[in-house]
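These notes are about the structure you will find just below.
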Amino acid sequence: MPCRAIWYCVLRRQEDDVTSKLGDIIKVNNMLKTQVENGAGEHIIYDFVKLLQYHIFTLCDNTIVGIPQACTKSKRPLKSIRERLKSKEGRLRGTLMGKRVDFCARSVIGGDPNLDTEQVGVPRSVALNLTFPERVTPLNANWLKELVTNGPTNWPGARYIIRDDGSRIDLRYVGKREDIDLQFGWRVERHMLDGDYVIFNRQPSLHKMSMMGHRAKVMPFSTLRFNLAVTSPYNADFDGDEMNLHLAQSQETRAEIKHMMLNPRQVVSPQGNKPVMGVVQDSLLATAKYTKRDTYMEKDLCMNILMWLPVWDGQLPIPAIIKPKMLWTGKQILSMLLPKTLSMKRDAAIASKNKKDEPDFAASDCKVLIVNGELLSGIVCKRTIGSSGGSLLHLVWLDSGPEWCRNVLSYIQKMVNQWLTHNGFSCGVADIIANDQTLLSVEKTLKQAKKEVRALLADAQRGKLETQPGKTMYQSFEAKANQRLNSAREDAGNIGASSLDERNNIISMVNAGSKGSPLNIAQIVACVGQQNVEGARIRYGFNERTLPHFTKDDYGAEARGFVENSYLAGLTPQEVWMHAMGGREGVIDTACKTSETGYIQRRLVKSMETLKVAYDGTARNACNDIIQFLYGEDGMDGLWIEDQTLEIMTYDNRKLENTFQHKYTDADYGLGWLPTRVLEQIKVNSDYQQLLDAEWERLKTIKQQICSEVYPDGETKQHIPINIARLLDRARNRVADEDGTEAQDRYSPMEIVYKVENLLRQLEVTRAIAEGDTIGREVEDNAKIVLNAHLRCALASRKILEKEKLSKQSFDWLIGEVKQKFMKSLVHPGFQQAQNDY
């Protein structure tokens, strides 16, 4: 009889398939033994050997191609050992690595913008069933006594009591629960309460942020609810999706969820070095409208909005307008949520090409400028508060921490949603109707495009069309016709969009980034455009034509899938057909890609799931083979990487000299930024001169190495962990707050060089390189080439003194921050992949 681990569950009383197969093997083996002992012929023994071999094969695998399946008397194929172990439903993936567990829930999900981003709304019926074993102590005995008295049916209550000996008291069958004497050390299985830590998951779990920690909030009704900003990492929507929840069952698990898995700690993804969450949909639209220049609020509305913020201290800022009545702007109220250390400058999404060069406080309000936590200008849209790298949420998370980021993300939504409730927003047919002049311009544009396509066709037929490299005359015509018709749609769309007012509700949604795009506006107002299948115009499906509506050999725009009408005007029957063909391809493509990419990812994960960062900094697998000498070749955690500009690459030789070189032989050297005492020391002390000359030579060498060897393509935007430009801004702000900032209170250039060199020696990526370890030293040096260049350029002595004018206290603070952020940026030893249930 086989071991119980491979018994197959059939939910009825019968002999297991493997048991009967083992019986067959024993019978045939005994028959073979008898034949051998009786001296049977060779061909008879051979037949019995083959039969025995067949039974052994079908015991292990009953699905081998070319071998008849072993069946029961009822003709049902036997379930072999291989079938019990393999596949998603097998013993490994279905029972061991992935199994049904207790203390979990599953329900349909819904949105609730009034919940914090780290909260999840749990139905009361679920909270009555899920329990946490709370240990009875002198500190919580009275509280647990109340829960026990409430019993299993009244929330908050308790379901069981577990004594020291492990025996369990079921409170459903206890009459006078208030008479129970709880002993210290007993455990009370209480109901789920507000603030309990849970793990929330939506399948498929494709990345780390598919399982995050949340705090429970028990609510009425039967759906699981969470903040809309959290839908992006889960890839969730509210059209019937279901999600899973697991209640932590020990204090250790609660601590891990709180400090490692909690939602605010997962805002930034190490995969893309940018946030995976951001304000979305109506909250994003409300934020953009709320921060417009002409958004003003009276005191009563300001008070009503601020009452929704738990962190409000009861103080209002000075009103922007005092007479004839006090008015506050949306920018002022929004600034109350931002940390005072935050400063950023960023183009808003409405900054089109002709507005890029406008000043910070231009009338278009297209430059977002935040200084010391005050939003001074700019419309806050998706580019600023969405899930893009360098956004407001990204900077708050990096510089102020996950808790600050959670507050900003949660409370901005509460604030602007309350304002939008008061202000209102709707979208109707009037928002998509263009004027007659616009429709005439669109019609003229489309006629011109179709005329040019006919001209291209005539050239191709006469052999005068210039063929593109590697293409035939027909392929060149199709490519040029497709390109011209696509440009016609863009031109028509621009005409249509320009006719809509800036206050148009669809334009508002597109500019805010909450919904839609210029293409959607073009298709609604002007022209749907060319429909493509397999990257080309609609091919002939009938005999020499696409549909019976057209003549044979018609290569014109309409006959090959150009939809001239807009969605507002309505499509003709043949246009509907063409449009359906283009849309069908997308649906099929999505369905096919889902299964293909899913299996590709599973194979990748299974091949890399044992990779880890060892304590020596190397990346290794389960066999201890070295995959990388240093994780990511720089030893940095992707969470802390930012896109930064390597300024030294943008300098020409003259600017390099004027910025970094100490020209101590010039008569005007040091005027205004060096004390007379230091000037005299530099001019008479050759050691000081050599030190400053060596710094200058290092910077020249760095520029040469970076531009010619590291980044020969000239790309100045690189991925670097420490944002020194932002730290310099904060250091300058500290100087402004200090009293004595004269030149006498600054370090000398020599002291700055010493401190910077000492700092760079302390920034070690690998741990304890042994004496004579040339490979380790080379790995260390290669890992820090770009970072050292970045820091040397930003902390050059002349630049710090002449341009930044940092005091001693500010420079010391800056050095300390660089060191702290470097240590935080180092990747931690351990496994990078935590999902082993694939």
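Note that the sequence shown covers residues 429 to 1266 in the working numbering.
Where is the CB? At the ideal position from N, CA and C, for every residue including glycine.
Straight-line gap, residue i to residue j (C-alpha atoms, nearest Å)
{"i": "residue 1213", "j": "residue 990", "result": "54 Å"}
{"i": "residue 539", "j": "residue 636", "result": "22 Å"}
{"i": "residue 441", "j": "residue 529", "result": "26 Å"}
{"i": "residue 652", "j": "residue 577", "result": "28 Å"}
{"i": "residue 445", "j": "residue 475", "result": "24 Å"}
{"i": "residue 882", "j": "residue 984", "result": "7 Å"}
{"i": "residue 913", "j": "residue 1003", "result": "15 Å"}
{"i": "residue 1086", "j": "residue 1222", "result": "14 Å"}
{"i": "residue 1073", "j": "residue 1249", "result": "18 Å"}
{"i": "residue 582", "j": "residue 574", "result": "11 Å"}
{"i": "residue 1220", "j": "residue 905", "result": "56 Å"}
{"i": "residue 903", "j": "residue 1144", "result": "39 Å"}
{"i": "residue 450", "j": "residue 487", "result": "8 Å"}
{"i": "residue 1227", "j": "residue 1088", "result": "6 Å"}
{"i": "residue 480", "j": "residue 1049", "result": "42 Å"}
{"i": "residue 1011", "j": "residue 1020", "result": "15 Å"}
{"i": "residue 946", "j": "residue 921", "result": "7 Å"}
{"i": "residue 1246", "j": "residue 1066", "result": "17 Å"}
{"i": "residue 891", "j": "residue 1018", "result": "40 Å"}
{"i": "residue 971", "j": "residue 1139", "result": "56 Å"}
Nearest candidate by alpha-carbon position, reference residue i, set the options
{"i": "residue 686", "options": "657, 644 and 843", "result": "644"}
{"i": "residue 1052", "options": "1038, 1065, 1061 and 627", "result": "1038"}
{"i": "residue 557", "options": "541, 573 and 588", "result": "588"}
{"i": "residue 745", "options": "919, 1046 and 731", "result": "731"}
{"i": "residue 611", "options": "1160, 628, 869 and 592", "result": "592"}
{"i": "residue 607", "options": "596, 625, 629 and 579", "result": "579"}
{"i": "residue 738", "options": "819, 841 and 693", "result": "841"}
{"i": "residue 959", "options": "999, 1209, 1095 and 923", "result": "999"}
{"i": "residue 1007", "options": "974, 1121, 1096 and 431", "result": "974"}
{"i": "residue 614", "options": "1005, 562 and 869", "result": "562"}
{"i": "residue 865", "options": "770, 924 and 885", "result": "924"}
{"i": "residue 933", "options": "1104, 979, 761 and 710", "result": "710"}
{"i": "residue 1061", "options": "821, 1118, 1208 and 535", "result": "1208"}
Collapsed DSSP secondary structure at residue i in the structure displayed
{"i": "residue 686", "result": "helix"}
{"i": "residue 1347", "result": "Nothing can be reported for residue 1347: it is not among the residues displayed for the chain, which extend from 429 to 1266."}
{"i": "residue 781", "result": "Summary for residue 781: the model assigns pLDDT 48, below 50, so the residue's position carries little reliability; its value from the coordinates is reported in the next sentence. It is helical."}
{"i": "residue 898", "result": "coil"}
{"i": "residue 959", "result": "coil"}
{"i": "residue 1235", "result": "coil"}
{"i": "residue 1265", "result": "Confidence is the limiting factor: at residue 1265 the pLDDT is only 37, short of 50, which leaves the residue's position unreliable and the question unanswerable from this model."}
{"i": "residue 482", "result": "helix"}
{"i": "residue 629", "result": "strand"}
{"i": "residue 550", "result": "strand"}
{"i": "residue 725", "result": "strand"}
{"i": "residue 1258", "result": "strand"}
{"i": "residue 499", "result": "strand"}
{"i": "residue 883", "result": "helix"}
{"i": "residue 789", "result": "coil"}
{"i": "residue 715", "result": "helix"}
Bounding residues of the beta strand (DSSP E) (the contiguous stretch that carries residue i)
{"i": "residue 1179", "result": "Unbroken run through residue 1179 is the alpha helix (DSSP H), 1177-1190; no beta strand (DSSP E)."}
{"i": "residue 647", "result": "639-647"}
{"i": "residue 611", "result": "That residue, residue 611, is in no beta strand (DSSP E); it is neither H nor E in DSSP."}
{"i": "residue 772", "result": "772-775"}
{"i": "residue 535", "result": "532-539"}
{"i": "residue 562", "result": "559-563"}
{"i": "residue 672", "result": "670-675"}
{"i": "residue 1055", "result": "1054-1056"}
{"i": "residue 1071", "result": "1070-1073"}
Below-9 Å beta-carbon distance, residue i vs any chain C residue
{"i": "residue 594", "result": "In the structure shown, chain C cannot be found, because there is only a single protein chain."}
Residue i - containing alpha helix (DSSP H), residue span
{"i": "residue 1272", "result": "The shown model of the chain, from 429 to 1266, leaves out residue 1272, and the question about it has no answer."}
{"i": "residue 586", "result": "Segment 586-590 is the beta strand (DSSP E) holding residue 586; no alpha helix (DSSP H) there."}
Residue i: CB within 8 Å of a non-hydrogen atom of the ligand MN
{"i": "residue 568", "result": "This structure lacks the ligand MN; in fact it carries no ligand of any kind."}
So, do the region 519-527 and the region 659-668 have three or more beta carbon pairs nearer to each other than 8 Å?
-> no
How do the region 554-570 and the region 596-603 stand: do at least 3 beta-carbon pairs fall below 8 Å, yes or no?
-> no
Take every Cβ of the region 927-940, pair it with every Cβ of the region 711-724, and state whether three or more of those distances are shorter than 8 Å.
-> yes
Evaluate the contact criterion for the region 754-761 versus the region 830-842: three or more CB pairs, one atom per stretch, below 8 Å.
-> no
Contact between the region 1242-1257 and the region 1188-1206 (3+ Cβ pairs under 8 Å) = yes
Spell out a yes or no on whether the region 672-690 and the region 806-826 are touching, meaning 3 or more CB-CB pairs, one atom from each, closer than 8 Å.
-> In this structure the region 672-690 does not lie against the region 806-826, because fewer than three pairs of beta carbons, one per stretch, are closer than 8 Å.
Evaluate the contact criterion for the region 784-802 versus the region 760-773: three or more CB pairs, one atom per stretch, below 8 Å.
-> yes
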